[in-house]
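Trainee: Numbering follows this note's numbering, in which position 51 of the sequence shown is assigned residue number 54; successive positions increment by one, without gaps. Glycine is no exception: its CB is placed at the ideal position from the N, C-alpha and C atoms. Only a predicted model underlies this, so the values are computations on that prediction, with no experimental measurement involved.
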Amino acid sequence: MTEANGVPRATARLQLHRGFTLDQAAGLVDYYADLGISHLYASPIFRARPGSTHGYDVVDPTCVNPELGGEEALRRLVERLHAKDMGLIIDIVPNHMGVGNDNGWWQDMLAWGQSSRYATWFDVDWQAADPVLAGKILLPFLANPYPQVMAEGGLQLQFDAGAGRFYFTHYDQRYPLALEHYPQVLRQARQYVPRLELAIAAFERIGQEPGWPQKHAAAEAAMSILSGLALEADGDGRAAIDAALAAYAPSAGHAESAQSAGAAESAEHPESAAGGSALHQLLEQQHYRLTWWRNAADEINWRRFFEVSDLAGVRVELDGVFESTHALIFRLYQEGLIDGVRIDHIDGLADPAAYCIRLRQRLESLQPLRPAGRDGPNAKPYIIVEKILAAGESLRGDWTVDGTTGYEFMDQVGAVLHDPDGAEPLALLWAGSTGDTLQFAQQVKDARRMFLTHNFASEFNACAASLHAIARSEPATRDISLMAIRRALAELLVNFPVYRTYAGEHGRDPLDQARFDTAMQGARRALPTVDYPALDLLNDWLGGRAPAALEDAPGHALRLRAMTRFQQLTPPMAAKSVEDTAFYRYGRLLSRNEVGSDPSQMALSVADFHVLNVQRARDFPHSMLTTATHDHKRGEDARARLAVLSEMPQEWGAILHRWQAMHVNVAVSYRAYLAAYSAEGGDDDEADLPLARIDETAEVMLYQTLLAAWPIDLAADDAPGIAALVKRVSAWQIKAGREAKLQTNWALPDQDYEILCANFLRRILRPGRAGTFVAELVEFVRALSRPATINSLAQTLLRLTAPGVPDQYQGCEFWDFSLVDPDNRRPVDFAARMLALRQHGDAPMTLEDWRSGAVKQQLIHAALMLRRRDPLLFCSGAYIPLEVQGALANHVIAFAREYQGRYAVVIVTRLPGRLLADDPEGDLPLAPALAWRDTSVMLPAGCASAGWQDALARRPVETAAGFDYYGIVLSQALAALPVALWYSGGAS
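This is the structure:
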């Protein structure tokens, strides 16, 4: 299954949900075993919000999600895996939890406030600057402004007889009544019922109990009495409770007032709708403050996952929280049901290094208790982190993890397959065709400024307030104003070059200091000199001076708090401004707009690619390697196709200008278009209307998206196939437009504009009217497909053989032209993949049926079989860049892996577009043999004479067929396939 230390040979990522359960995953074990996978790698398996499609909204980390089949299904899956000598890695979510009705810890906190055991488990600022929130948590979950909701009866007090609990309800949401207010509510019954008096007395005794466990037990007893009263056969108890509820029923007068005056007037004069009502007064007494969902960005007083208000930050740095949220993980590992974990959003934690070290220590302490025979003598848990690394940034070696989830490799392998010569022409083409001359870096800064004042305003305010508290605590800085701090802090955040730093008690290490210095330089350029003193103080307070050096305990705590808030704010700022905003505003070449990538960096040299592989082999040889994930913006083969455009910017420019000209007949604005559309009755199939055109940036991105996502065999006259594609791309259009936040956005969607975009897409792809465009599009996709397929096979083989653990995302054994989620999480036709593996798995790899995608599966299978045959060669083997000589040396990536005299040689074609230019009529994704001329790969000394096996052709390599005196002759070695994998050595 693994090498001796427990490292997986290869993983297969599966997205689990109620439509694809653990039992269904068990049905794929034989297929993945035959493919060569050693471990399944599952999305979060713990109980999530009902209907969750991803599992990252965990509401109970102490049980396996019943929607996935529960723990029994997990055991069935693992039994199947172990029968095939395979293992399981699971995704865990320590940073946050889903909130709402189904999270018992969250509900307990709402009911008990700061008295709850869980009040400190969630990252809530119970002492927020806003006095209205003192001792309260803001709940921004109302569908409309509070006055409107109250006036319309949208908030009601209801009773759950089975549980003996009162709740405020808003649609399907439930908010518990604070326990101390039960007597107040029950006394509104205005009638004497003996058992009701017993219940009231029981609730009043809760406050007299000495501690939380006793209070909780007393509350359970009181609610049991109340439940029994409500369920009595004579009905008197229920009638009394109903009478109490009636006292808090929405006022009919208020509702009529709201209907006559309108919601806007209610919002301006809340006293007319809610003020003075018993229900309103009761709500004001709770441990929470309900408000309109749009107020979250401005007022929220608890840490969220990014800007998602139904995912609450968890303080996993606290001992009790860590143990409680990880108890099931530890048990599953001890019992041998899991073999490792992937840590989601590591940068969200207060202290990532401490968390990773603690997690490894706890898991390794359980190693001796695991089932006998499950692991090798030196086995350790496999631990990887989801971490976005900036250019030049490396994972910290002191975290004691095996590596990352592989975003940086996805960037590197993508970049090395792009032509650097295309960067400038494509930049000019983007600017000329869209009118947008902003560089990507400026797009990011603009997005960061927007997030500071909008989406993350409350988090920014809290961070600034924590810094101002430091200023006020010291006589030397008491005159530094909050506004000066805000200005300096804003520029630091706008200019921050990485996701985060990791300063702690001892301040910043040299790596963090260099990153912070970069931010300081950018901030200093942007700020007036009058704000330099505040900026310098922030540098000091945020880790420039170690908190541990402070003798004053209050000052020490204030600095740690501010530093933590700052370091937990920079990651969501980076993610949202880059991946979820600037990526949708800047589109020079969308293949480079990928998670972990910097679109301003078009390409990577082969030499630099080798350097990065050597570094990974040295520092993190077991880091995960991926080219497709559940979070990618475009599928791996969609990116490989777009990469070809970097080799042909002039040709692409001519085609783009022609397509824009085809669709230039926009005589009206989109609102005028919609007015005309409505006048025609709204039937797009019959309305002969002017063709409205979306804005140029969206249009150019749309054309690239169509090129990327167009199925390889979709014909111009395939109406059902085109309709299916339109549905997928339309969903992408909506998401892309809202993420860009220019014409429309998530908070306030411009449905008119979104309809325009959808209709533009439908019209340009409609048969008949758009026949010329569709025909040209299909022809261009066909022309791109040959070099794109070479790119796809190249990146696949590089992923399978470079230093690290290759991950296979579900379904990507065939061509993957998916778009951003949810498109990349569509159901997979595993039956077709199983059939293809049975038919072709052990056959020599050929290009005969390359359009079906089976050739990609053959490549994956062949490489994984070699990894199974000699796991130590790939897990522990050296990485040796191979010299390429000849006229076309720049079109090759070649390296060897070596372990104890055994070798694998990997050769892939690079920048294939130029190589195929001399063979325009060819059909295969293969450079003509003559195109290679004198190009050859030099072998390491001592291995040229070894007996070689061609792992792809599944035959011995004849010396005359591939070698000359110096090395491998590519005109022969790449005569049948665009990639090569040769092996020399025996089984390990």
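Can you name the start and end residues of the beta strand (DSSP E) that Q811 belongs to?
Mentor: It spans V808 to Y812 - the beta strand (DSSP E) in which Q811 sits, taken as one unbroken run.
Trainee: Hey, how far is the Cα of A726 from the Cα of A719?
Mentor: Cα to Cα, A726 sits roughly 11 Å from A719.
Trainee: State the DSSP-derived secondary structure class of W985, mapped to helix, strand or coil.
Mentor: DSSP places W985 in strand when its eight states are reduced to three.
Trainee: Taking only three categories from DSSP, how would you classify T747?
Mentor: Reduced to three states, the DSSP call for T747 is coil.
Trainee: Closest by CA to D175, which one among Y185, L158 and L248?
Mentor: If we check each option's Cα against that of D175, L158 comes out closest.
Trainee: Should K139 go down as buried or exposed, given a rule of 16 or more other Cβ atoms within 10 Å for buried?
Mentor: By the 10 Å Cβ count, K139 comes out buried.
Trainee: For D163, which three-state DSSP category applies?
Mentor: Strand.
Trainee: Report the CB separation of A491 from L420 in whole angstroms; it is logged as a contact under 8 Å.
Mentor: With a Cβ gap of about 42 Å, A491 and L420 do not count as contacting.
Trainee: Contact check, L43 vs L17 under 8 Å by CB: the rounded distance?
Mentor: With 8 Å as the limit, L43 and L17 qualify as a contact, their Cβ atoms being about 6 Å apart.
Trainee: T14 bridges to which residues according to DSSP?
Mentor: Answer is H42 and D810, bridged to T14.
Trainee: Can you have a look at M413 and say buried or exposed, based on whether 16 or more other CB atoms are within 10 angstroms of its CB?
Mentor: Buried, because 16 or more other Cβ atoms sit within 10 Å of the Cβ of M413.
Trainee: Buried or exposed for C760, please, with buried defined as at least 16 other CB atoms from any protein chain shown within 10 angstroms of its CB.
Mentor: Classification for C760: buried.
Trainee: Using the three-state DSSP reduction, which class does M941 fall into: helix, strand or coil?
Mentor: Note: M941 maps to strand in three-state DSSP.
Trainee: Let me know if D622 comes out buried or exposed under the rule of 16 or more other beta-carbons within 10 Å of its beta-carbon.
Mentor: With fewer than 16 Cβ atoms within 10 Å of its Cβ, D622 is classed as exposed.
Trainee: Could you check what DSSP says for I971 in three-state terms: helix, strand or coil?
Mentor: Three-state DSSP puts I971 in a strand.
Trainee: For the region 316-346, which segments carrying the alpha helix (DSSP H) assignment without a break, of at least 4 residues, lie completely within its bounds, in sequence order?
Mentor: 322-337, all fully within the region 316-346.
Trainee: So for M848, helix, strand or coil by DSSP?
Mentor: It is coil, neither helix nor strand.
Trainee: Along the chain, where does the alpha helix (DSSP H) that runs through Q364 open and close?
Mentor: Unbroken alpha helix (DSSP H) run through Q364: P355 to S368.
Trainee: Taking a contact to mean a Cβ-Cβ separation below 9 Å, would you say D937 touches Q888 in this structure?
Mentor: In contact: D937 and Q888 (Cβ atoms closer than 9 Å).
Trainee: Reducing DSSP to helix, strand and coil, say where R177 ends up.
Mentor: If DSSP states are grouped into helix, strand and coil, R177 belongs with the strands.
Trainee: Following the continuous beta strand (DSSP E) through L530, name the residue where it begins and the one where it ends.
Mentor: Note, L530: premise wrong, no beta strand (DSSP E); not H, not E.
Trainee: Below 6 Å CB to CB, which residues in the same chain sit around Q110 once its five sequence neighbours on both sides are set aside?
Mentor: Taken in chain order, the residues that qualify are P179.
Trainee: I need the boundaries of the alpha helix (DSSP H) containing C878, first residue and last residue.
Mentor: Residues P874 to C878.
Trainee: Of all the options R168, A247 and A577, which has the alpha carbon lying nearest to the alpha carbon of R177?
Mentor: R177 has its Cα closest to that of R168, out of R168, A247 and A577.
Trainee: Identify which residue in D424, I883, T294 and I40 has its Cα closest to the Cα of P143.
Mentor: With distances taken between Cα atoms, P143 lies closest to T294.
Trainee: Closer than 6 Å by C-beta to P355: which residues in its own chain qualify, once you throw out the five before and the five after it? Chain order, please.
Mentor: Counting only Cβ-Cβ distances below 6 Å, and skipping sequence neighbours, we find I349.
Trainee: Could you name the residues of the same chain whose beta carbon sits closer than 7 Å to that of V127, not counting the 5 residues immediately before and after it, in chain order?
Mentor: The answer, listed in chain order, is I140, N304 and W305.
Trainee: Please report the distance separating the alpha-carbon of D953 from that of R802.
Mentor: Each residue's alpha carbon lies about 18 Å from the other.
Trainee: Can you tell me which of A281, A221 and G231 puts its alpha carbon nearest to the alpha carbon of A247?
Mentor: When each option's Cα is compared against that of A247, the closest is A281.
Trainee: Under a three-way DSSP split, which group does Y502 fall into?
Mentor: Residue state, collapsed to three classes: coil.
Trainee: Short check: CB of T1 to CB of P64, under 9 Å?
Mentor: As displayed, the chain neither begins before 4 nor continues past 991, which places residue 1 out of reach and without an answer.
Trainee: Which ranges does the beta strand (DSSP E) cover as unbroken runs of at least 3 residues, wholly within the region 381-456, from first to last along the chain?
Mentor: Segments of the beta strand (DSSP E) lying fully in the region 381-456: 385-388.
Trainee: Just curious, the beta strand (DSSP E) that F898 is in, first and last residue?
Mentor: Element bounds for F898: V895 to Y902.
Trainee: Could you give the residue range of the beta strand (DSSP E) that holds V81?
Mentor: No beta strand (DSSP E) contains V81, which is instead part of the alpha helix (DSSP H) from G73 to A86.
Trainee: Sort Q117, S41, V102 and D26 by Cα distance to Y59 and report the nearest one.
Mentor: That would be V102, whose Cα lies nearest to the Cα of Y59.
Trainee: When we look at the beta-carbon of Y358 and count the other beta-carbons within 10 Å, is it buried (16 or more) or exposed?
Mentor: Classification of Y358: buried, given that the 10 Å Cβ count is 16 or more.
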